[in-house]
Amino acid sequence: MKLSYPIAAPDSHVNLMAFTGNFESNLDAIAGIGYEAVELLVRDPKELSISYIDTALSRRGLKISAIGTSPMQAQDGLTLLSPVPEIRGEALERTLQLIPFSAAFQAPVIIGKFRGKVNSQVNCTFQLLNEIFYDLCNYAGQQNAGIVMEPQKYDNVNNLNTISESLDWINEMKCSNLKLLLDTFHMAFTESDISESIRLAADHIGFVHLADSERLVPFCGDIDFKNVLKSFRETSYSGYYSLEIKQFPDSFQAAELSYKILNYISTL
């Protein structure tokens, strides 16, 4: 398994399910545990230096698996479907600015809760969401970059919740660089059979978040991870798996336990 762990970019100052705080020290910890890559969580692309990030990663033999947008929503309250036009515009601008960064590291941009909620009363319609994704995918395609959309449970967003409806949407959008992020925690709420949904999405998996029930380390909760991982192996997916879990008792111990468990299981 190609394992990745989330880390907040240096300009993010909000609690996340990731290493936060001193960026360099956190990279040392992630590399020391044995991870191959980091899922970089970005607040504002204008605050990032491609050369700095590249040097910091290269020194530790790390890559970027994907680029997350969660700090934009969590710290600055931005969403692509905000009812406030100025906020909506800033969210779109930052996402567009992420794409050259994404292309430089050949890592997809993740759009999860950051997409926001559909609200037809303020013209934040599903049609607008489609237009936003189409424009992002078109721009990303010009730079050989990709976008992954994360289906999430119903109390997070009110659109594209299940794997089935998300696959219908992917087929409707017809963007070759648009794929799905499968998150096992969310799938436990939205799917009647997680393993079957993984197999259903096989040709459209762009990234994976692993987390057990209650956002615990895999194999520490109620999800049948033995069958979940078997199902991923049966698909054509060969990308990274990232851990989106509670940082308990702290990030290092959560990351280390996850790494040890998943590496042990992969040898069986």
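Under this note's numbering, the first residue of the sequence shown carries the number 5, and numbering increases by one thereafter.
Glycine included, each C-beta is placed from N, C-alpha and C at the ideal position.
Let me make sure I understand the geometry here. Which of the options has the alpha-carbon closest to that of residue i?
i, options, result
"residue 230", "196, 103, 188, 183", "188"
"residue 195", "177, 225, 158, 178", "158"
"residue 113", "31, 149, 123, 263", "149"
"residue 98", "80, 87, 213, 133", "80"
"residue 192", "155, 105, 262", "155"
"residue 93", "73, 186, 136", "136"
"residue 240", "268, 209, 266, 262", "209"
"residue 55", "108, 72, 42", "108"
"residue 219", "32, 262, 134", "262"
"residue 105", "123, 130, 72, 77", "72"
"residue 22", "242, 164, 213", "213"
"residue 78", "190, 172, 198, 19", "19"
"residue 51", "63, 17, 64", "17"
With a threshold of 6 Å, establish whether the CB of residue i neighbours any heavy atom of the ligand PLP.
i, result
"residue 88", "The ligand PLP is not part of the structure shown, which contains no ligands of any sort."
Closer than 8 Å by C-beta to residue i: which residues in its own chain qualify, once you throw out the five before and the five after it? Chain order, please.
i, result
"residue 258", "221, 247, 249, 250, 251, 252"
"residue 132", "85"
Between residue i and residue j, is the Cβ-Cβ spacing less than 7 Å?
i, j, result
"residue 8", "residue 69", "yes"
"residue 217", "residue 227", "yes"
"residue 5", "residue 270", "yes"
"residue 45", "residue 95", "no"
"residue 118", "residue 83", "yes"
"residue 37", "residue 200", "no"
"residue 181", "residue 141", "yes"
Return the bridge partner residues of residue i from the DSSP annotation.
i, result
"residue 209", "184"
"residue 247", "214"
"residue 71", "44, 113"
"residue 10", "43"
Keeping to the same chain, check which residues put their C-beta closer than 7 Å to that of residue i; ignore five residues upstream and five downstream.
i, result
"residue 103", "113, 143, 144, 147, 149"
"residue 67", "40, 41, 61"
Just to confirm my understanding: we take residue i, look at its own chain, exclude 5 residues before and 5 after, and list those with CB closer than 6 Å. What are they?
i, result
"residue 89", "none"
"residue 256", "33"
Note to self: Runs of 4 residues minimum, wholly inside the stretch 12 to 56: which ones carry the alpha helix (DSSP H) assignment?
What the structure shows: Correct list: 27 to 37.
**OP:** Go through the stretch 83 to 165 residue by residue and report every complete run of the alpha helix (DSSP H) that reaches 4 residues or more, in order.
**Re:** List check, alpha helix (DSSP H) in window: 89 to 109, 130 to 146.
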